[in-house]
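Input: a single structure, listed below in structure tokens.
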Amino acid sequence: MIQERLKYQPINDRPRLTWPNGARVAVWIVSNVEYYEFLPPKDQPRDAWPRTPHPDVLGYGLRDYGNRVGLWRLTELTDELNLPVTLSLNLGNWLHYPKIFEASMKRCWDVMAHGIYNTRYHWDMDKDAEREAIQECVEIYRNLTGAPLRGWFSPAATWTENTPDLVAEAGITYSGDWYHDDQPTDLATRTGRLITLPYQMDINDAMVWRHHFEGEDFAQMIIDHFDTLWREGTDQGRVVCIALHPYISGQPHRIRPLERALRHIVDHDDVWLATGAEIADWYLQQNPQVRP
Numbered sequence: 000m001i002q003e004r005l006k007y008q009p010i011n012d013r014p015r016l017t018w019p020n021g022a023r024v025a026v027w028i029v030s031n032v033e034y035y036e037f038l039p040p041k042d043q044p045r046d047a048w049p050r051t052p053h054p055d056v057l058g059y060g061l062r063d064y065g066n067r068v069g070l071w072r073l074t075e076l077t078d079e080l081n082l083p084v085t086l087s088l089n090l091g092n093w094l095h096y097p098k099i100f101e102a103s104m105k106r107c108w109d110v111m112a113h114g115i116y117n118t119r120y121h122w123d124m125d126k127d128a129e130r131e132a133i134q135e136c137v138e139i140y141r142n143l144t145g146a147p148l149r150g151w152f153s154p155a156a157t158w159t160e161n162t163p164d165l166v167a168e169a170g171i172t173y174s175g176d177w178y179h180d181d182q183p184t185d186l187a188t189r190t191g192r193l194i195t196l197p198y199q200m201d202i203n204d205a206m207v208w209r210h211h212f213e214g215e216d217f218a219q220m221i222i223d224h225f226d227t228l229w230r231e232g233t234d235q236g237r238v239v240c241i242a243l244h245p246y247i248s249g250q251p252h253r254i255r256p257l258e259r260a261l262r263h264i265v266d267h268d269d270v271w272l273a274t275g276a277e278i279a280d281w282y283l284q285q286n287p288q289v290r291p
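Next comes the structure, spelled out in structure tokens:
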């Protein structure tokens, strides 16, 4: 099935991908702006809060710090560096926290829907239930913004074998669910066209944090990752994704190492700082037909 969804082609044996103004890399900053329920529904595929009995005040409080403090600290940094931001957004966040919605609209942040809540998993969902969950995100986004939803990243990185078909069916352009490449790629679906954008699970503060690395380690990982793709981008355009969570990277002891890494990127030439939708649109413009 995977070969039907995703054709294999080595990156050194593809038509050359170029970016605007001859940039070597397209860089997108993804901020995971999430909403975790204090008491999630029971009988899900996994327990959202491993500390029992519930409520898990520690787990919930850490996540909500991101919405109350961490996001605003990150926003000061991205504003200062004039960085476009793509939100991996639980749509429930905007409903519960209108000031985050207002800040998003003010800055024209792109949105890659991340489900309604990060405590509602798509694993084991039947097709109709998953279709309804995706459509609910599309409708909430349209009602709040008047615009179509462009991107999708399944909540808590949970999905089913039907997810690509249902996302494309909903009219969404790009997906961050797959982590298989350094370039956008086409994903075969039953209807419509869906492309995957490189989203990072390695250059991702949540993954680093879980393995007990700290801010300086993460900053060096960002720099090394960027430097490699920037060098390789002379021959074949690449995508650099930096995945952040405000409750992690927005902490006071982590913001300065992150600033150092982002300034390293901004100080380079031949870099296209873009949103997910901008990268997807450029790729589709350059490749109006599915790549062979």
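Mapping to numbering that gives the first Met the number 0: the sequence shown position 196 is 195, numbers consecutive.
Backbone N, C-alpha and C fix where the C-beta goes; we use that ideal spot for every residue, glycine too.
For this session: Identify whether residue 196 lies in helix, strand or coil by the three-state DSSP scheme.
Result: For the purposes of this step, residue 196 is taken as residue 197 along the sequence shown, with counting starting at 1. Residue 196: coil per DSSP, three-state reduction.
Problem set entry | Range of the contiguous alpha helix (DSSP H) that encloses residue 143 | Here residue 143 refers to the residue found at position 144 when the sequence shown is read from its first residue. Counting along the chain, the alpha helix (DSSP H) containing residue 143 begins and ends at 126-144.
Problem set entry | 7 Å Cβ shell around residue 57 - same chain, five flanking residues per side excluded | The sequence position of residue 57 within the sequence shown is 58, counting from 1. So the qualifying residues of the chain are 50.
Problem set entry | Under the three-state DSSP convention, the category residue 153 falls into | Here residue 153 refers to the residue found at position 154 of the sequence shown. DSSP places residue 153 in coil when its eight states are reduced to three.
For this session: State the Cα-Cα distance for the pair residue 107 and residue 275, rounded to the nearest angstrom.
Result: The count along the sequence shown starts at 1 and reaches residue 107 at position 108. The count along the sequence shown starts at 1 and reaches residue 275 at position 276. Whole-angstrom Cα-Cα distance: 12 Å.
For this session: Return the first residue and the last residue of the alpha helix (DSSP H) that residue 237 is part of.
Result: Locating residue 237 in the sequence shown gives position 238, where the first residue counts as 1. No alpha helix (DSSP H) holds residue 237; the beta strand (DSSP E) holding it covers 237-243.
Exercise. In whole angstroms, what separates the C-alpha of residue 266 from that of residue 40?
Worked result: On the sequence shown, residue 266 is found 267 positions in, with the first residue counted as 1. On the sequence shown, residue 40 is found 41 positions in, with the first residue counted as 1. For residue 266 and residue 40, the distance between alpha carbons rounds to 46 Å.
For this session: Compute the beta-carbon to beta-carbon distance between residue 29 and residue 85, rounded to the nearest angstrom, for a pair I have assumed lies under 8 Å.
Result: In the sequence shown, counting from the first residue as 1, residue 29 sits at position 30. In the sequence shown, counting from the first residue as 1, residue 85 sits at position 86. Sure, about 5 Å apart at Cβ, within 8 Å.
Exercise. Between 279, 93 and 186, which lies nearest to residue 67 when the distance is taken from Cα to Cα?
Worked result: For this step, residue 67 is matched to residue 68 along the sequence shown. Taking only the C-alpha atoms, the option nearest residue 67 is 93.
Problem set entry | Whole-angstrom distance between residue 237 and residue 142, CA atom to CA atom | Working through the sequence shown from its first residue, we reach residue 142 at position 143. Working through the sequence shown from its first residue, we reach residue 237 at position 238. Spanning the two alpha carbons is a distance of roughly 34 Å.
Exercise. What is the residue span of the alpha helix (DSSP H) that residue 278 lies within?
Worked result: Taking the sequence shown and counting its residues from 1, one reaches residue 278 at position 279. Start and end: 275-285.
Problem set entry | Nearest-angstrom Cα separation, counted from residue 55 out to residue 90 | Mapped onto the sequence shown, residue 90 falls at position 91. Mapped onto the sequence shown, residue 55 falls at position 56. Going by the C-alpha atoms only, they are around 22 Å apart.
Problem set entry | Segment contact, 8 Å Cβ cut-off, at least three pairs: the segment 114-128 with the segment 153-173 | yes
For this session: Determine which residues share a DSSP beta bridge with residue 25 and list them.
Result: Reading the sequence shown from its first residue, position 26 is the one you call residue 25. Its beta-bridge partners are 238 and 271.
Problem set entry | Backbone CA spacing between residue 136 and residue 176 [nearest angstrom] | Here residue 136 refers to the residue found at position 137 of the sequence shown. Here residue 176 refers to the residue found at position 177 of the sequence shown. Distance between the alpha carbons of residue 136 and residue 176 is about 16 Å.
Exercise. Excluding sequence positions up to five away, which residues of its chain have a Cβ less than 8 Å from the Cβ of residue 194?
Worked result: The sequence position of residue 194 within the sequence shown is 195, counting from 1. So the list reads 172, 173, 174, 183, 184, 185, 186, 279, 282 and 283, once near-sequence residues are dropped.
Exercise. What are the partner residues of residue 87, as DSSP defines its beta bridges?
Worked result: Position 88 of the sequence shown, counted from the first residue, corresponds to residue 87. DSSP lists 31 and 111 as partners of residue 87.
Exercise. Of all the options 235, 249, 165 and 23, which has the alpha carbon lying nearest to the alpha carbon of residue 130?
Worked result: Along the sequence shown, one-based indexing puts residue 130 at 131. The option with the nearest alpha carbon to residue 130 is 165.
For this session: Tell whether a beta-carbon distance below 8 Å holds between residue 120 and residue 44.
Result: Against the sequence shown, residue 120 aligns to sequence position 121. Against the sequence shown, residue 44 aligns to sequence position 45. A contact, by the Cβ cut-off of 8 Å.
For this session: Can you have a look at residue 110 and say buried or exposed, based on whether 16 or more other CB atoms are within 10 angstroms of its CB?
Result: The residue labelled residue 110 in the question sits at position 111 within the sequence shown. It is buried - the Cβ of residue 110 has at least 16 other Cβ atoms within 10 Å.
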